[in-house]
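Engineer: Starting off with a structure, shown below.
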Amino acid sequence: MNDGWLRYERPILSRGIPSRPHIATIQKSGVIRISHLRWTEMGCPEHVQLFWDDGRKAIGLLPAAKTGATYKVARTGRANSRGVAYSLSCRSFLRQYNLLGALYAKKYPCHVEESELGRILVIETAIEDNP
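Just so we're aligned, residue 73 is where the sequence shown starts under my numbering, counting upward by one.
Have a look at this one:
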């Protein structure tokens with residue numbers, strides 16, 4: 073007897089191949105979380121400087137030396153797990169550009185690109201990636 077039930081065939085993904093582009097998460101508390109892969113592409117900096125591109129509606133994170141104008145990056149997760157991520161608390165920056173206020177965390181695509189400033193991590197906030 074089937075009674076109208078359809079079997080769900082779970083997709084099988086190859087290990088190491090992401091099912092969607094790499095993302096950055098902006099939490100409602102004002103914390104940005106970045107994946108381990110993207111952070112290593114930047115050179116694993118301990119401090120970053122934040123930039124805003126109003127035309128692209130994008131956040132830029134540039135590795136920087138420790139000063140009063142930089143943000144410290146914290147590593148979260150265990151060393152031997154796939155859940156390692158990097159986070160920085162930047163509530164005032166996110167509020168300045170109206171990126172806070174949601175009742176839940178939002179995910180955005182991110183990538184590293186070369187610019188005149190150097191290797192910069194770009195978070196495309198105009199493209200929301202919440203499945």
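No residue lacks a Cβ here, since even glycine has one placed at the ideal position from N, Cα and C.
I need the straight-line Cα distance from D126 to N170, nearest angstrom please.
Structural biologist: For this step, residue 126 is matched to residue 54 along the sequence shown. For this step, residue 170 is matched to residue 98 along the sequence shown. Cα to Cα, the separation comes out at about 12 Å.
Engineer: Given a cut-off of 8 Å, decide if Y176 and L160 are closer than it, judged by their beta-carbon atoms.
Structural biologist: Here residue 160 is taken as the residue at index 88 of the sequence shown, counted from 1. Here residue 176 is taken as the residue at index 104 of the sequence shown, counted from 1. By the CB criterion at 8 Å, L160 and Y176 fall outside the cutoff.
Engineer: According to DSSP, simplified to helix, strand and coil, what is S187?
Structural biologist: Position 115 of the sequence shown, counted from the start, is the residue given in the question as residue 187. In the structure shown, S187 sits in a strand (DSSP, three-state: E or B).
Engineer: Please state if the CB of W124 and the CB of Y158 are separated by a distance shorter than 8 Å.
Structural biologist: Sequence index remark: in the sequence shown, residue 158 carries index 86 (1-based). Sequence index remark: in the sequence shown, residue 124 carries index 52 (1-based). No.
Engineer: Under 6 Å Cβ to Cβ from E188, same chain only, skipping five residues before and after it: list those, please.
Structural biologist: Walking along the sequence shown from the start, residue 188 turns up at place 116. Once the five neighbours on either side are set aside, E188 has no close Cβ partner at all.
Engineer: For W77, report the span of its beta strand (DSSP E) as first-last.
Structural biologist: Here residue 77 refers to the residue found at position 5 of the sequence shown. Careful: W77 lies outside any beta strand (DSSP E) and carries neither H nor E.
Engineer: For H94, tell me which candidate among G102, W77, K138 and C182 has the shortest Cα-Cα distance.
Structural biologist: As a position in the sequence shown, residue 94 is number 22, starting the count at 1. With respect to the C-alpha of H94, the residue from G102, W77, K138 and C182 having the closest C-alpha is C182.
Engineer: To the nearest angstrom, how far is the alpha carbon of A96 from that of I195?
Structural biologist: Reading the sequence shown from its first residue, position 24 is the one you call residue 96. Reading the sequence shown from its first residue, position 123 is the one you call residue 195. When rounded, the distance between both Cα atoms is 7 Å.
Engineer: Return yes when the Cβ of L134 is within less than 8 Å of the Cβ of V156, no when it is not.
Structural biologist: Taking the sequence shown and counting its residues from 1, the one referred to as residue 156 is at position 84. Taking the sequence shown and counting its residues from 1, the one referred to as residue 134 is at position 62. No. Outside cutoff.
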